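Enquirer:
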Amino acid sequence: MRTTEVFEYLKKHGQLLDSEIASATGISLDEVRVSLSKLSAQGDISRCSVTSYVDGKSVEVPKGKTVLEAAIDHGRGVPYYCYHPGLGVDGSCRVCIVKIEKMAKLQTACSTACTEGMVVTTNSPEVEAARASVFEFL
Numbered sequence: 844m845r846t847t848e849v850f851e852y853l854k855k856h857g858q859l860l861d862s863e864i865a866s867a868t869g870i871s872l873d874e875v876r877v878s879l880s881k882l883s884a885q886g887d888i889s890r891c892s893v894t895s896y897v898d899g900k901s902v903e904v905p906k907g908k909t910v911l912e913a914a915i916d917h918g919r920g921v922p923y924y925c926y927h928p929g930l931g932v933d934g935s936c937r938v939c940i941v942k943i944e945k946m947a948k949l950q951t952a953c954s955t956a957c958t959e960g961m962v963v964t965t966n967s968p969e970v971e972a973a974r975a976s977v978f979e980f981l
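If you're matching positions, the sequence shown starts at 844 in our numbering and goes up one per residue.
#1: From Lys948 to Leu981, what does the alpha carbon distance come to, in whole angstroms?
#2: May I have a chain-ordered list of the beta strand (DSSP E) segments no shorter than 3 residues that lie completely inside the segment 907-972?
#3: Could you check if Leu930 is buried or exposed, using at least 16 other CB atoms within 10 Å of its CB as the buried criterion?
#4: For a test of the three-state rule: what should DSSP assign to Ser871, helix, strand or coil?
#5: Would you grab the beta carbon distance between Lys942 and Ser967 for me? Rounded to a whole angstrom, and I think it's under 8 Å.
#6: For Val910, which residues from the same chain have a beta carbon less than 7 Å from its beta carbon, with the 5 sequence-adjacent residues on both sides left out?
Here is the structure:
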C-alpha cells in the first residue's frame, strides 16, 4: 500500500529526496526508503538520492553530489581551496581530503561522489595531519 502511495506521489511531483517525500506524504522515512528500494528493484524508478554518513551523522543527498557538497550542505567544516560550485572539479590542491571507510588512501571530497552507505570522517587525527602537510606547500 505504501509503495503505491510513494509511486503515485513521485509520478505527480517528480524526483525528490526521501525526506521530502516522507514529509509531504506523512509516511515515515523508513517506510519511504523501503518503498523506494522496492520500486527501484522493480525498475519502476531510479533512485534520486543516497544516504551517507559524515562524521557519524546520517545525511541524505541527491545522487551525484560530491562529499564536499554534502558536507557543506549539512554544516560540516571541510576546508577547500580550489573548489567553486560554478567551475569544474579540479581536486589539485588536496585541501579537502577526508577519510572514507573501505578506501585505502585519503580522498579529495570535492571529486568523490557520495554513494549509498558511504562513511566519511572529516576531522580525524590522520586527516588533520595530512591537511597540515598540504597547507605547508600552499
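Every residue, glycine too, gets a C-beta built ideally from N, C-alpha and C. In this text, all values refer to a predicted model and were calculated from it rather than measured experimentally.
Expert: Taking the geometry as given:
#1: Taking the sequence shown and counting its residues from 1, the one referred to as residue 948 is at position 105. Taking the sequence shown and counting its residues from 1, the one referred to as residue 981 is at position 138. Cα to Cα, Lys948 sits roughly 21 Å from Leu981.
#2: Listed in chain order, the complete beta strand (DSSP E) runs (minimum 3 residues) inside the segment 907-972 are 940-943 and 962-964.
#3: Taking the first residue of the sequence shown as position 1, residue 930 is located at position 87. It is exposed - the Cβ of Leu930 has fewer than 16 other Cβ atoms within 10 Å.
#4: Within the sequence shown, the letter at position 28 stands for residue 871. Secondary structure at Ser871: coil, using DSSP grouped into helix, strand and coil.
#5: Taking the sequence shown and counting its residues from 1, the one referred to as residue 942 is at position 99. Taking the sequence shown and counting its residues from 1, the one referred to as residue 967 is at position 124. Rounded to the nearest angstrom, the Cβ distance from Lys942 to Ser967 is 6 Å, consistent with a contact under 8 Å.
#6: Along the sequence shown, one-based indexing puts residue 910 at 67. Only Val941, Ala952, Thr955, Cys957 and Val963 meet the Cβ criterion.
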